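Taken in order, these protein sequences are the chains called A and B. Letter 82 of the first sequence, counting from 1, is numbered 774 in our numbering, and no numbers are missing. Letter 241 of the second sequence, counting from 1, is numbered 372 in our numbering, and no numbers are missing. Since the structure comes first, as structure tokens, the remarks are kept for the end.
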Amino acid sequence: MKWRDPLALIAILLLLWQAMYWVIGDVALTSPVSTFRSLAVMLADPRFWPHVNETLLAFAQGFAIAVVIGLGIGFLLGAHSMTGEVGEPILVALYSIPKVTLYPIILLIFGIGMPAKVAFGAIQGIVPIALFAMNSIRNLNPVFARTGRVLRLSPLASTQRILLPAALPEIVTGIRVGFSLTLVGTLLGEMFGSQRGLGYLLIQAMNLHNMRTIMSVTLLLVIFAASVNAVLLAIDRRLHARV
Amino acid sequence: MKRAGIIRTVVILVAVGALELLCRTGVISSFVMPAPSTIVYSTVQILASGRFAADIWVTLRNVSISIVAAMVSGVVVGTVLHRLPTARRILDPLFATYYAIPVYAFYPLLMVIFGLGDLPQIAVGFLLALMAVIINTLNGLDRVPRVLVKVARMHRLGGWAMERKVRLPFAAPYVFTGFKLCVAYSFVGVIGAEFITSSRGIGYEISYAYNNFDNQVMYPLIFLILAIVTVINMSLYAWERRLLARRRT
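Written as structure tokens, this is what we have:
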């Protein structure tokens, strides 16, 4: 029964897509069947895979940087209350500015290529991961820390056995949000300043008005993002249910 | 001002001062970034000259349309979905995945549907902003205490009167969180779309300046957008605090 709802949703979306295709026609989009078929052709083409690898590599690096720096900032601001009070409004302000506008600056600093993409993915992901991590530490029940002391655990053991498991669900939620934003950021980076990658394929197809490529790449991205997100969401829900 | 506020101001001033120093001493070359003071000065000059007035107007207008459209339809869709549990359950995975999907990938499609004018940009902003309002409206409506609903029933409020007079007012702070995100996402969507393809707007001028290595224009325009967004956010934040303070008493 658990699988019925998502399947219904997918069926509805495919029907909507097909209906849109009937209404709008060949100029604007390709039908679901032919998009899946051309995606299959694309995946069989060896020239396509370097782009996928490039995007995955850029994304993996950006995400790793976002997680490390985000958790670092989050733990620092969460554990030290004065730093948290000073830093939180700055983080919130950084979260809500449109980071797309900073893109040209990043290109000027890093130049066109891999580092710029990685940086652009990372800056999108750092702030949400930091905000969630900060709140997870801050909202820890003070009883937990005291229990650790009563049981004479060393600070390290207390963190490892009590505090981290308690904070983990929120941290994972932050990482899930950061994952999405880093992926979007990486692709955006590829769309503006890059010679390789899926984002580059998209912008090139846009300029050539090649709907087939646009739809196939978009479909691939949606499938990838949705499946990883589903896995992270399942982990997330399980952790939250445990507490 | 509280102590944290003072420290925060000092931190920001020191950071900007350090940046200024690095730029002035040439550690950061002026090809990469002009000094902060120069940026502010050029921004004032550009605003006074009126050179980009038309672009600024177009962008702000499109962002406003996107914000208002997303707020209104988001609250309406959220309220309706709250009354349709089955539809909501089926749509739930879509809500959870929505922000993992790069909306810009749909930009070409939107361009074919809406033509070459301002509508595709507005549509990108709208699509990004809409879901934040829906999700937060649902979240707020979920938290309405039973007591309030029972009181409303005793007063024979049914259907939409209950939504309008009891549930939505209670959900207001949560909806407000959605509105704040809605503003941020509308800016991201519209300006990002202007970057990709358009013939006017601040985003277009920034990418044009970038392609021509025109830092004297690019940095002030970027600064202008960041300043506008920050001012709007801070006002919303202050307004929200006032609303919450009134509620507590």
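In this text, a Cβ means the ideal position worked out from N, Cα and C, and glycines have one as well. All figures in this text were calculated on a predicted structure; none of them were measured in a lab.
Asked                                                                                                                                                                                             : Found
Please list, in chain order, the residues of the segment 317–330 of chain B that have any C-beta partner in chain A closer than 8 Å.                                                              : Phe318, Val319, Ile322, Gly323, Phe326, Ile327, Thr328
Counting contacts by CB-CB distance shorter than 9 Å, is Leu191(B) in contact with chain A?                                                                                                       : no
Under DSSP, the alpha helix (DSSP H) around Pro847(A) begins and ends at which residues?                                                                                                          : 847–850
Can you list, in chain order, the residues of its chain whose CB lies under 6 Å from that of Phe755(A), leaving out five sequence neighbours each side?                                           : Thr874
Can you list, in chain order, the residues of the segment 355–366 of chain B whose Cβ is nearer than 7 Å to any Cβ on chain A?                                                                    : Ile356, Leu357, Val360, Thr361, Asn364
Check the Cβ-Cβ distances between Lys281(B) and every residue of chain A, and say whether any is below 9 Å.                                                                                       : no
Which residues, in chain order, does the segment 717–749 of chain A contribute to contact with chain B at a C-beta distance below 9 Å?                                                            : Val719, Ala720, Leu721
Taking DSSP as the reference, what is the three-state secondary structure of Asp718(A)?                                                                                                           : coil
Taking only beta carbons into account, state which residues of the segment 133–149 of chain B come closer than 7 Å to chain A, listed in chain order.                                             : Ala135, Ile138, Arg139, Val142
For Lys809(A), count the other beta carbons within 10 Å of its own beta carbon; 16 or more makes it buried, fewer makes it exposed. Which is it?                                                  : buried
So is Arg868(A) buried or exposed if we call it buried at 16+ other beta carbons inside 10 Å?                                                                                                     : buried
For Ala227(B), which of Thr190(B), Val297(B), Gly271(B), Ala263(B) has the nearest alpha-carbon?                                                                                                  : Ala263(B)
Just the chain B side, please: which residues come within less than 7 Å of Val778(A) by C-beta, in chain order?                                                                                   : Ala135, Ile138, Arg139, Val142
Since I believe Tyr235(B) is in contact with Met883(A) (beta carbons under 8 Å), could you give me their beta-carbon distance rounded to a whole number of angstroms?                             : 7 Å
Taking the alpha carbon of Asp345(B) as the reference point, which residue from Ala201(B), Arg331(B), Leu259(B), Ser173(B) has its own alpha carbon closest?                                      : Ser173(B)
Would the beta-carbon of Ala825(A) fall within 9 Å of that of Gly762(A)?                                                                                                                          : yes
I'd like the list of long-range same chain contacts for Ile257(B), defined as Cβ closer than 6 Å, with 5 residues on each side in sequence excluded.                                              : Residue identity differs from the one stated: residue 257(B) is Phe in this sequence, not Ile. Counting only Cβ-Cβ distances below 6 Å, and skipping sequence neighbours, we find Ser197, Ala200, Ala201.
Identify which residue in Gly271(B), Arg182(B), Leu312(B), Gly309(B) has its Cα closest to the Cα of Arg298(B).                                                                                   : Gly271(B)
Kindly list the residues whose CB is nearer than 7 Å to the CB of His932(A), restricted to its own chain and excluding five residues on each side of it in sequence; keep chain order.            : Pro861
Which chain B residues sit within Cβ distance under 8 Å of Ala917(A)?                                                                                                                             : Thr228, Ala231, Ile232, Pro233
Using CA coordinates, which residue listed in Ile327(B), Ile337(B), Val314(B), Tyr335(B) is at the minimum distance from Met365(B)?                                                               : Val314(B)
Below 8 Å, can you find three or more Cβ-Cβ pairs linking the segment 818–836 of chain A to the segment 770–786 of chain A?                                                                       : yes
Is the beta carbon of Leu890(A) less than 9 Å from the beta carbon of His743(A)?                                                                                                                  : yes
Quick one: Cα of Met242(B) to Cα of Leu748(A), how far?                                                                                                                                           : 28 Å
Should Ser828(A) be flagged as near chain B, meaning a C-beta pair shorter than 9 Å?                                                                                                              : no
Starting from the C-beta of Gly157(B), find all residues in its chain whose C-beta is less than 7 Å away, skip the five residues before and the five after it, and write them out in chain order. : none
What first and last residue would you give for the alpha helix (DSSP H) that runs through Tyr335(B)?                                                                                              : 333–342
Starting from the beta carbon of Ile244(B), find every residue of chain A whose beta carbon is closer than 8 Å, and list them in chain order.                                                     : Ile716, Ala720
Under a Cβ-count criterion, where at least 16 other Cβ atoms within 10 Å of its own Cβ denotes burial, should Gln887(A) be classed as buried or exposed?                                          : exposed
Of the choices Leu261(B), Ile337(B), Ile253(B), whose alpha-carbon is the least far from that of Phe183(B)?                                                                                       : Ile337(B)
Which whole-angstrom value describes the C-beta separation of Ala785(A) and Thr140(B), a residue pair presumed to lie in contact below a C-beta threshold of 8 Å?                                 : Not really, about 13 Å apart at Cβ, beyond 8 Å.
Can a CB atom of chain A be found closer than 9 Å to the CB of Gly334(B)?                                                                                                                         : yes
Give every residue of the same chain whose Cβ lies closer than 7 Å to the Cβ of Ala858(A), excluding the five residues on either side of it in the sequence, and list them in chain order.        : Leu832, Phe836
Taking the Cβ atom as the reference point for each residue, do Gly885(A) and Ile797(A) lie within a distance shorter than 9 Å?                                                                    : no
Taking the alpha-carbon of Leu701(A) as reference, which of Pro738(A), Arg934(A), Ala918(A), Ile863(A) has the nearest alpha-carbon?                                                              : Ala918(A)
Alpha carbon to alpha carbon, how far is Met903(A) from Ala231(B)? Give it in angstroms, no decimals.                                                                                             : 22 Å
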